[in-house]
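One point on numbering: in numbering that gives the first Met the number 0, the residue at position 190 of the sequence shown is 189, and numbering is uninterrupted.
Glycine included, C-beta positions come from ideal geometry on N, C-alpha and C.
From a predicted model like this one, the values you see are computed outputs, not experimental measurements.
Notes follow once the structure below has been shown.
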Amino acid sequence: MKTRKSIRRIAFIIIGTLLFVQGYAQNSITFKFSETAPAQVLRVMESNAKALFTEINQKYDQDNSQLSLSSSAVTDFARNRIANMWAVSHFYCTRTNINTRVMRMVSSNTYQVRNIPVCYKEGETEEYKYQMIVLEFDMSGKISDLYCTMPEHMYTEVINGGNEVTNNRHRWMIKNFVDNFFTAYNLGLGGLDLIDKMYSEDALIITGKVVNYKTSRNTEFSRTLTNNQCIEYSIQNKRQYMEKLRGIFARNSYINIRFDGVEVVQSEANSNIYGVRLNQYWHVAPTAKSKGYSDEGKLFLIIDFSNEEQPEVWVRTWQPYQDANGNPIQYTEEEFFTIGDFQIE
Numbered sequence: 000m001k002t003r004k005s006i007r008r009i010a011f012i013i014i015g016t017l018l019f020v021q022g023y024a025q026n027s028i029t030f031k032f033s034e035t036a037p038a039q040v041l042r043v044m045e046s047n048a049k050a051l052f053t054e055i056n057q058k059y060d061q062d063n064s065q066l067s068l069s070s071s072a073v074t075d076f077a078r079n080r081i082a083n084m085w086a087v088s089h090f091y092c093t094r095t096n097i098n099t100r101v102m103r104m105v106s107s108n109t110y111q112v113r114n115i116p117v118c119y120k121e122g123e124t125e126e127y128k129y130q131m132i133v134l135e136f137d138m139s140g141k142i143s144d145l146y147c148t149m150p151e152h153m154y155t156e157v158i159n160g161g162n163e164v165t166n167n168r169h170r171w172m173i174k175n176f177v178d179n180f181f182t183a184y185n186l187g188l189g190g191l192d193l194i195d196k197m198y199s200e201d202a203l204i205i206t207g208k209v210v211n212y213k214t215s216r217n218t219e220f221s222r223t224l225t226n227n228q229c230i231e232y233s234i235q236n237k238r239q240y241m242e243k244l245r246g247i248f249a250r251n252s253y254i255n256i257r258f259d260g261v262e263v264v265q266s267e268a269n270s271n272i273y274g275v276r277l278n279q280y281w282h283v284a285p286t287a288k289s290k291g292y293s294d295e296g297k298l299f300l301i302i303d304f305s306n307e308e309q310p311e312v313w314v315r316t317w318q319p320y321q322d323a324n325g326n327p328i329q330y331t332e333e334e335f336f337t338i339g340d341f342q343i344e
């Protein structure tokens, strides 16, 4: 006859076994890819994706762990990119089965698998924990890149030909550029070199900041708000902007930056130049040394795709959504920066 103590022990054994099975299932991910690639390449891609995320999921809870990625599964570039993302915050794939279509990227001679859901360990809230990533493969099926992306519906109009984007090749280039822009900022110090390459040496940086009248400095332009406040716009060159960004990244080990609401317009003066407007959310989690910081605003970029291998940002502007008291700032459409505000030749 079993005593209460022995029954409890059996229950603990059963629970422990279930937890072990659950953990193993989480580590073991099945990938099934279809279309656009030869069958033998699809199988290689599936195997390499499985190897990558099995390693990632197994190491997720190990604070000081480093990923061990086989050179037969990932390229050197991809290994460095993944290592940088891992150093900022560990992450894992939230699904055990990924069954999806592969896209052939003719412009870059690669394959893409989009919208793989991951969870970031350092994300403070549900909103900031979960993101989507893209896996890129070379023509042999080896993983050549991994980066963050916005939810697919954010790009619907861009890809379907809306927003005046008439060049199908450029639609995909814009999408990939924004994805890599998004990823580079989330890499912190590890993404500075990527960010530097994305901006023209002559880039114009305009940043809006809400200040009180008493502390307002003379600037190129500003906009008066209520309660003795105004939006003060400052202008920086690329060197000044990169130095400031380096300081921000150095002081904060984890910064979560999100974008959504993509709007795109093509320049009438030059068909290789596009204005891209997005909502930007910048979040620094509080630590023992910092209270944390969050802001939201409208980000506007003018991007030159004349060199398709290395597009460049010519103009970057940012306008805050809230005043100093946390109240929403009401903008008219004419008050947001657009491509018509800048002379393009």
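Scanning Asn324, Tyr320, Gly325 for the CA closest to the CA of Thr331 turns up Tyr320. For Ser33, the beta-bridge partners assigned by DSSP are Arg100. Its chain contains Ser88, Phe90, Lys128, Gln130 as the residues whose beta carbon lies nearer than 7 Å to that of Tyr119, once the 5 sequence neighbours on both sides are disregarded; these appear in chain order.
The shortest C-alpha to C-alpha distance from Asn251 to any of Trp313, Gln309, Val283 is the one to Val283.
The C-alpha of Gln111 lies about 11 Å from the C-alpha of Asn175. The beta-carbon separation of Asn271 and Asp303, rounded to 6 Å, stays under the 8 Å limit for a contact. Of the other Cβ atoms in all chains shown, fewer than 16 fall within 10 Å of the Cβ of Asn108; this residue is therefore exposed. Secondary structure at Thr182: helix, using DSSP grouped into helix, strand and coil.
The C-alpha of Ser70 lies about 10 Å from the C-alpha of Ala77. Put simply, the backbone Cα of Lys237 is about 6 Å away from that of Glu200. Of the candidates Gly207, Met241, Asn255, Lys243, the residue whose Cα lies closest to the Cα of Ile230 is Gly207. Non-local beta-carbon contacts of Ala36 in its own chain, meaning distances under 6 Å to residues more than five positions away in sequence, involve Val101, Tyr110 in chain order.
With contacts defined by Cβ atoms closer than 8 Å, Lys290 and Arg276 do not form a contacting pair. Secondary structure of Met84 (DSSP, three-state): helix. According to DSSP, residue pairing for Ser233 in a beta bridge involves Thr206.
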